[in-house]
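Trainee: Protein chains in written order, with the working numbering: chain Y, 1 to 406; chain H, 407 to 812; chain Z, 813 to 1218; chain A, 1219 to 1330; chain C, 1331 to 1442; chain D, 1443 to 1554. The beta carbon of each residue, even a glycine, is placed where N, CA and C say it ideally should be. The structure is given below, and queries will be raised subsequently.
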Amino acid sequence: MDTGDTTFILICSALVMLMTIGLALFYAGMVRSKNALGTIMQSFIIIALISLEWILWGYSMAFGPDKWGIIGGLEWFGLRGVGMEPHTVYATTIPHQVFMIYQCMFAVITPALITGAFAERMRFGPFLLFSLLWATFVYNPLAHWIWGAGGWLGRMGALDFAGGVAVHVSSGVAALAAAILLGKREGYGSEELRPHNLPMTLLGAGLLWFGWFGFNAGSALTAGSLAGSAFVATHVAGTTGALSWIGMEWRITGKATTLGGASGAIAGLATVTPAAGFVGPISAAFIGVLAGVGCYLGIMAKNRFGYDDSLDVVGIHGVGGVIGLLVTGLLANAAINPAGADGLFFGNPGQLGIQCIAILVTVVYTFALSYLLLKLVDKIFGLRVDLRDERSGLDLTQHEETAYNI
Amino acid sequence: MDTGDTTFILICSALVMLMTIGLALFYAGMVRSKNALGTIMQSFIIIALISLEWILWGYSMAFGPDKWGIIGGLEWFGLRGVGMEPHTVYATTIPHQVFMIYQCMFAVITPALITGAFAERMRFGPFLLFSLLWATFVYNPLAHWIWGAGGWLGRMGALDFAGGVAVHVSSGVAALAAAILLGKREGYGSEELRPHNLPMTLLGAGLLWFGWFGFNAGSALTAGSLAGSAFVATHVAGTTGALSWIGMEWRITGKATTLGGASGAIAGLATVTPAAGFVGPISAAFIGVLAGVGCYLGIMAKNRFGYDDSLDVVGIHGVGGVIGLLVTGLLANAAINPAGADGLFFGNPGQLGIQCIAILVTVVYTFALSYLLLKLVDKIFGLRVDLRDERSGLDLTQHEETAYNI
Amino acid sequence: MDTGDTTFILICSALVMLMTIGLALFYAGMVRSKNALGTIMQSFIIIALISLEWILWGYSMAFGPDKWGIIGGLEWFGLRGVGMEPHTVYATTIPHQVFMIYQCMFAVITPALITGAFAERMRFGPFLLFSLLWATFVYNPLAHWIWGAGGWLGRMGALDFAGGVAVHVSSGVAALAAAILLGKREGYGSEELRPHNLPMTLLGAGLLWFGWFGFNAGSALTAGSLAGSAFVATHVAGTTGALSWIGMEWRITGKATTLGGASGAIAGLATVTPAAGFVGPISAAFIGVLAGVGCYLGIMAKNRFGYDDSLDVVGIHGVGGVIGLLVTGLLANAAINPAGADGLFFGNPGQLGIQCIAILVTVVYTFALSYLLLKLVDKIFGLRVDLRDERSGLDLTQHEETAYNI
Amino acid sequence: MKKVEAIIKPFRLDQVKKGLSEVGIKGMTITEVRGFGRQRGHKEVYRGAEYQVDFVGKVKIEIVADAAMVADIVKVIQDQARTGEIGDGKIFVMPVEEAIRIRTGETGKEAL
Amino acid sequence: MKKVEAIIKPFRLDQVKKGLSEVGIKGMTITEVRGFGRQRGHKEVYRGAEYQVDFVGKVKIEIVADAAMVADIVKVIQDQARTGEIGDGKIFVMPVEEAIRIRTGETGKEAL
Amino acid sequence: MKKVEAIIKPFRLDQVKKGLSEVGIKGMTITEVRGFGRQRGHKEVYRGAEYQVDFVGKVKIEIVADAAMVADIVKVIQDQARTGEIGDGKIFVMPVEEAIRIRTGETGKEAL
Ligand SMILES: Nc1ncnc2c1ncn2[C@@H]1O[C@H](COP(=O)(O)OP(=O)(O)O)[C@@H](O)[C@H]1O
Ligand SMILES: Nc1ncnc2c1ncn2[C@@H]1O[C@H](COP(=O)(O)OP(=O)(O)O)[C@@H](O)[C@H]1O
Ligand SMILES: Nc1ncnc2c1ncn2[C@@H]1O[C@H](COP(=O)(O)OP(=O)(O)O)[C@@H](O)[C@H]1O
């Protein structure tokens, strides 16, 4: 065991935990003030709910003893056998529980990301149930496939450094299912659904960026060259994501917006996530540019297709995740990370194919399961608040609170 | 000296420092907007005031050469002799000053916690004086008793991993003394004393949770298994604290609130604090549940007894601290931490008795001294703002500022 | 390579990155609400813009192979040759890129600091251009002179631990040039230009303080005694800065303000920056007091001389930086840092002279270049928004957004 | 001249504004207000303490117009603001003696 | 019909509202306003710069009522809002020509 | 007695207030309002979606004064609030039947 590595992953765990707080603010700033608390609460309570799920069965399903490449067994239910000695495969220089809690924070933020799609209109109870089911039946298997020892996507050679498959594509696709199934908010397209507190959104974006260092660099699981490289790639992609997004805006609407800068940074950070530990800084800069342009166009798509993905989870995490997994197949460089592989541009075209399979599988599986789970919860309990409650806002009707009395 | 451990404690120090900022926001969001700045300022300036006190005499009183088990001598006044070589007893793998500054952050947050009890009605000058006196005459001795080399509670075998005695019980009990002595806010019970900015409170809760990893895991003082274990226990208890609190709410008022989620998390985190390094994750989950239920009932008590503990310091930190110390006597497990001891459930009933003594002593000493100091400052300078100032708010009358011009 | 050190500098990099977010909030809270987003955006987008500049040519100019003591060559353009092996001179125990990214965060925050001087009145496009030019032609050379291997100020023996020359004095002096050149805001002196959201400013100050541990302690580049010492010095100076500032206020206006507490803390932290790794805690306390008093008077100067340094960059960073470099010449103690030198009070009067030269050179070079660059951009594009836009605010006119719809 | 003052539900503002434009109203002034009336307020709960908030967020529209326009204005507001539920609000009509446009000094109808 | 408009100290709102309910007033509309008057404002200081803020936070209550009720309303407000200190505020009475309930179209007294 | 109600551009408030004080006005009440009129609003863009915001922030000043003062008041407001650009706002004059000072119970002119 190494005190440097243990420190690194403990602090990175704290950083990733903070991301979900950042996300709560990032999202809440964009909704109308009558839904501010409801929106924050969706992320906040997911920290609690999914962490509990994780220590009970989630970690075991995702990282427990492999069954047929498809799922982890329940041998580690309630963290039985997950002790302080390092695991022999995962993160061998730190206590096993530290690896577990680090992964917990990933399991937490993923369903929180989805909440942006159904913002301002989901009932609290059914939301909790859906999130729990989704974490169990979508996140856990995906995490196992790509990161679990023996998981089939990982064994196939799919490269996903810190969460293209299980985190961004999955949340983006689930978001699409939710946006379609729940339908639009009242007034969408006609009324002014303007952000109520953009400074809060910018603060959230700042905390997300800060925490993302823990997310991506921490995924090296040891504090050495790889962590350094992932850290740099992450920062650079956030940077060029922000710049290219406001560049797009400048061209199209004539002004760069603050929300655009923040959105572009998040797009860059999300997109570089699967690639972070496989690419150098110049590739990362290029990935950020692709992210800014691609996700900006992704967001525009919403208007074309007419679904109300309220806070653009599809456009940013879905599109970003797909781009990120694809470019990993192009730009991965085994010189940066010998445990990885080369991509197309470094002479290994097969990698791109593998990445495509990983994307396809993730999209199909996630969409089908998410739709099913949403439908199920909807049938039994009803997902959507009624119109009167939607007008009054989540804060009053779901929580009997008001955000501001200023 | 170990670079991993030194990094760990330096970063944890920064995290604990950030907790007091988080606390400032957590509290300020709950007061009325005319008191927002005054409330933030009470925490903010305590960082400055008590840090200075700490390097001058506080550290020496708490951790300096023991006198009769009761207090540290002033040999280390102004950090004389507190250098960069590791101390031989405290945190032997890091510079002595690093241990000192880490402990400084604990000394800072404790009196800041108390401010919630007398929110919206204390004069600024007398508040400073009281805090200084309290830190000197209550915190320093308690810290010495429980953590100082030779302190009598520690020698007796009382278990308190990261601050049940000196931090939570002491601040909770001082809060009770303050609430009783200062009396209720005008309008308490009749007017609407609603939180003015709950998103701020949620942000504060998020920063507190984030920083608490530094508080509890850092208390291992070295980045190894124990730190990992404490980190996991902390996170799990925060989690089940939040869930059980909103569960209580759901049963009693029919809705889960955002403030409830945040309060429950803080309750869980506070309650697990003394136990964090002695229990496994399942015990921690259980502690969180106790915290959520116990502190919720603790808060209800306020209404029964009729004191105005404005932001529920008694109900959360007092009750939580007591529960935490008690359950440590039940659930402590020497297998988790050989430097600790077993609790009742692991075959050592004596530990529970010791914990009870520690609680009793802390409650009695803190209440008596706090009441005395408050009374003293009140007699000489007057603690409470006059009615007209209370109506205008602390911001205008104590600081000549307004929080918002939006 | 050392995992402890690598962890340390990675986390410190994240902390310093967070400072610029903190700065965005610190500044934005002080402007009027119509400029809140524009102000945040100036800091936020600088993170992106200057980070890109840094990996392209900035790092190479500042730390690349020395040319005549004056500038780094462009050999490292686009990070060519900046790999994962430790550099032989800079931070020899961590990957070279980690040192690079840590330094990146310094390059980012410096031009962000300047934005406080021209708050509420600069056009967005020209602002971007100016910042890019300034980073290139002012920051990079200064950083090379003082910290680059072979830089002439460093070789001369000037002591600047974490950024007196390149960060605080330079930003403060550039701020002066900008304030003079842009002229006053409409209504300055007659209308109420009150802060619109001081809780946001306090949050920003809190994040700055938190991040400053990464800034100053991280500058030790290894997690040992020196880092510990710098950490303590930093905290202590922030502390006494806050206390002495509100002490000044109390004497002069009769009340201590919250903004004063925050300003004093920032003043203390800025002032101790060049000295942090060369002085003990008692010296640091003294430096904080000087900072609180000196910067308070520095801010008053604005009223006397009549320039509109809107958020007091000159008064805090300029004055603080100068004081900090000077006192380093007085209080530096080779016993604390053998790689440093003794100051006047420790028997080496020559050091004070060297520090004076460093200050003088920085002031003259920065003022001249900054004025020139501002003038240039002004001539070509026009720096200042027109009066109508100034009245409507930056948010609407530069970004077509509103900060709040509450 | 008359002032028509209407207290309506906030989410109907856009519709009312559109309706008024269509009948030729060129100006109006809007204020966020809180109403107390037959429509019940709501309950809020903070740490177990219940608060009954009696006031409901409303929007006040003020239109100064020629007396001849009043009937039209009232009709538009009634049509566009009515949801049929308690709390739809009120319209009040009051006398105005003079109106002046600050920019030009025009008075009376010309000023509107 | 008359409109009674009262500018009062915010912290007396609850009391006034209660008093009005007791004399049978079923509706009113409240606006946050800032008042300028004999009551001095306050000083604020930001980084040593002093600002004299002349405006004081007040609450405006508007009640449209039958003329017969005006005396009662005025009395209640006077009783409940008075603290005896400068800045207690004013009551103004104005004519109202018509009142309409949007939901039902009722007019006059019925609409209130 | 009359009520003079003026809708002006917010940044002219201080000037108008000063002017009114100079002609002897001792009290007034200010409300933040949003105006709709000839002055165009502004565009806002959030993630590519454009919103046309028609309402412009304005300040409403209400002064109850003796009828004899009205001309002076109107003049001051016109002088101090005019920038000459569209959106400078309006002044309306309305009848007030009674004014009462809450603190003393004084009525009529004495109450102002
Ligand atoms: N007498 C009144 N004077 C002034 N405003 C009133 C009066 N009565 C009602 N209002 C306003 O009208 C709103 C709607 O009234 P309410 O009684 O709730 O429903 P309805 O209009 O359907 O009868 C109230 O919220 C209040 O703002
Ligand atoms: N002539 C006026 N027209 C409109 N509002 C007024 C007038 N005079 C005073 N007010 C309002 O009444 C409030 C109280 O007036 P003030 O002169 O301070 O105290 P008092 O009511 O005790 O005489 C002011 O803040 C203002 O809102
Ligand atoms: N008929 C009206 N009734 C009430 N308020 C009005 C009316 N017309 C205009 N206003 C108010 O006056 C403001 C200025 O009017 P506008 O038409 O924009 O410019 P101008 O006053 O120069 O003609 C508007 O924003 C609105 O608040």
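So, with DSSP's three-state summary, where would you put alanine 1029 of chain Z?
Mentor: In this structure, alanine 1029 of chain Z counts as coil in the three-state DSSP scheme.
Trainee: Who does lysine 879 of chain Z pair with in a DSSP beta bridge?
Mentor: According to DSSP, lysine 879 of chain Z bridges with Z:Ile883.
Trainee: Could you check if isoleucine 1355 of chain C belongs to the surroundings of ligand 4, using beta carbon to heavy atom distance under 8 Å?
Mentor: Because ligand 4 does not appear in the structure shown, any question about it cannot be addressed here, the ligands present being ligand 1, ligand 2 and ligand 3.
Trainee: Say yes only if the C-beta of glycine 1419 of chain C is nearer than 8 Å to one or more non-hydrogen atoms of ligand 2, and no if none qualify.
Mentor: Yes, since a heavy atom of ligand 2 falls inside the 8 Å radius drawn around the Cβ of glycine 1419 of chain C.
Trainee: So, is the C-beta of tyrosine 713 of chain H closer than 9 Å to a C-beta in chain A?
Mentor: Taking Cβ atoms only, chain A never reaches closer than 9 Å to tyrosine 713 of chain H, which makes this a no.
Trainee: Consult DSSP for alanine 1441 of chain C and reduce its assignment to one of helix, strand or coil.
Mentor: Reduced to three states, the DSSP call for alanine 1441 of chain C is helix.
Trainee: Taking 9 Å as the threshold (C-beta atoms), are alanine 648 of chain H and isoleucine 50 of chain Y in contact?
Mentor: In this structure, alanine 648 of chain H does not lie closer than 9 Å to isoleucine 50 of chain Y by Cβ.
Trainee: Just checking: is the beta-carbon of isoleucine 1295 of chain A within a distance shorter than 9 Å of some beta-carbon in chain C?
Mentor: Yes - at least one Cβ of chain C is within 9 Å of the one on isoleucine 1295 of chain A.
Trainee: Using the Cα positions of methionine 1511 of chain D and phenylalanine 1478 of chain D, report the straight-line distance between them to the nearest angstrom.
Mentor: Computed Cα separation, rounded: 29 Å.
Trainee: What does glutamate 1280 of chain A reach in chain H if we use C-beta pairs closer than 8 Å?
Mentor: Residues of chain H passing the Cβ test: none, with the nearest at roughly 24 Å.
Trainee: Cβ-heavy atom distance between lysine 1347 of chain C and ligand 1 below 8 Å?
Mentor: No, the beta carbon of lysine 1347 of chain C sits no closer than 8 Å to any heavy atom of ligand 1.
Trainee: Could you tell me whether any Cβ in chain C is nearer than 9 Å to the Cβ of aspartate 1306 of chain A?
Mentor: At least one chain C Cβ lies under 9 Å of aspartate 1306 of chain A.
Trainee: To the nearest angstrom, how far is the alpha carbon of glycine 183 of chain Y from that of proline 111 of chain Y?
Mentor: One C-alpha to the other measures close to 19 Å.
Trainee: Say the cut is 8 Å; is the CB of alanine 1336 of chain C nearer than that to a heavy atom of ligand 1?
Mentor: Result no, Cβ not under 8 Å from ligand 1.
Trainee: Any contact of the stretch 638 to 654 of chain H with the stretch 96 to 106 of chain Y, i.e. 3+ C-beta pairs under 8 Å?
Mentor: Cβ pair count under 8 Å is three or more, so yes.
Trainee: Is the Cβ-Cβ distance between valine 1363 of chain C and valine 1389 of chain C less than 9 Å?
Mentor: For valine 1363 of chain C and valine 1389 of chain C, yes; Cβs fall inside 9 Å.
Trainee: Could you check how far apart the C-beta atoms of threonine 734 of chain H and alanine 691 of chain H are, in whole angstroms? I think they sit under 8 Å.
Mentor: 15 Å between Cβ atoms; not a contact.
Trainee: Just to confirm, does methionine 1424 of chain C get its C-beta within under 8 Å of one of the non-hydrogen atoms of ligand 2?
Mentor: No, the beta carbon of methionine 1424 of chain C sits no closer than 8 Å to any heavy atom of ligand 2.
Trainee: Does any residue of chain D bring its CB to less than 9 Å from the CB of asparagine 303 of chain Y?
Mentor: Yes - at least one Cβ of chain D is within 9 Å of the one on asparagine 303 of chain Y.
Trainee: Going residue by residue through the stretch 441 to 509 of chain H, where are the continuous alpha helix (DSSP H) segments of at least 4 residues, counting only ones entirely within it?
Mentor: As far as the stretch 441 to 509 of chain H is concerned, its whole alpha helix (DSSP H) runs of at least 4 residues are 442 to 459 and 465 to 469.
Trainee: Pull up the CB-CB distance for valine 1175 of chain Z and valine 950 of chain Z, whole angstroms please, since I reckon it's below 8 Å.
Mentor: That pair is no contact at about 12 Å.
Trainee: Can you pull the DSSP bridge partners for isoleucine 1309 of chain A?
Mentor: Beta-bridge pairing links isoleucine 1309 of chain A to A:Ala1224 and C:Ile1430.
Trainee: If you measure beta-carbon to beta-carbon, which residues of the stretch 995 to 1010 of chain Z are closer than 7 Å to chain C?
Mentor: Cβ contacts with chain C come from Glu1004, Arg1006 and Pro1007.
Trainee: Using a 10 Å radius around the Cβ and a threshold of 16 neighbouring Cβ atoms, would you call asparagine 1149 of chain Z buried or exposed?
Mentor: Looking at its Cβ environment, which holds 16 or more other Cβ atoms inside 10 Å, asparagine 1149 of chain Z is buried.
Trainee: Under the rule that 16 or more other beta-carbon atoms within 10 Å means buried, what is phenylalanine 1193 of chain Z, buried or exposed?
Mentor: The residue in question, phenylalanine 1193 of chain Z, is exposed, as its Cβ has fewer than 16 Cβ neighbours within 10 Å.
Trainee: What in chain Z is Cβ-close to leucine 455 of chain H, meaning under 9 Å?
Mentor: Under the 9 Å cutoff, chain Z gives Thr1051, Ala1054 and Leu1055.
Trainee: Any beta carbon from chain A within less than 9 Å of methionine 1424 of chain C's own beta carbon?
Mentor: So yes, methionine 1424 of chain C belongs to the interface.
Trainee: At a CB distance below 8 Å, what residues from the stretch 1340 to 1370 of chain C approach chain H? Give them in sequence order.
Mentor: Those would be Phe1341 and Asp1344, in chain order.
Trainee: Taking 8 Å as the cut-off, is the beta-carbon of lysine 1220 of chain A closer than that to any non-hydrogen atom of ligand 3?
Mentor: No; taking the cut-off as 8 Å, the Cβ of lysine 1220 of chain A has no heavy atom of ligand 3 nearer than that.
Trainee: Under a three-way DSSP split, which group does tyrosine 188 of chain Y fall into?
Mentor: Three-state DSSP puts tyrosine 188 of chain Y in coil, outside helix and strand.
Trainee: Give the DSSP-derived three-state secondary structure of lysine 1468 of chain D in the structure shown.
Mentor: Residue state, collapsed to three classes: coil.
Trainee: Mind checking if lysine 408 of chain Y is an interface residue toward chain D, Cβ cutoff 9 Å exclusive?
Mentor: Since the first residue of chain Y shown is 1 and the last is 406, residue 408 of chain Y is not available in this structure.
Trainee: Does serine 631 of chain H come within less than 9 Å of chain Y when only Cβ atoms are used?
Mentor: So yes, serine 631 of chain H belongs to the interface.
Trainee: Reducing DSSP to helix, strand and coil, say where histidine 317 of chain Y ends up.
Mentor: Helix.
Trainee: What are the start and end residues of the alpha helix (DSSP H) that includes valine 1101 of chain Z?
Mentor: 1093 to 1117 is the span of the alpha helix (DSSP H), which, as asked, contains valine 1101 of chain Z.
Trainee: Could you name the residues of the stretch 1371 to 1390 of chain C whose beta carbon sits closer than 8 Å to any beta carbon of chain Z, in the order they occur along the chain?
Mentor: Result list: Glu1374, Val1375, Tyr1376, Arg1377, Gly1378, Ala1379, Glu1380, Tyr1381 and Val1383.
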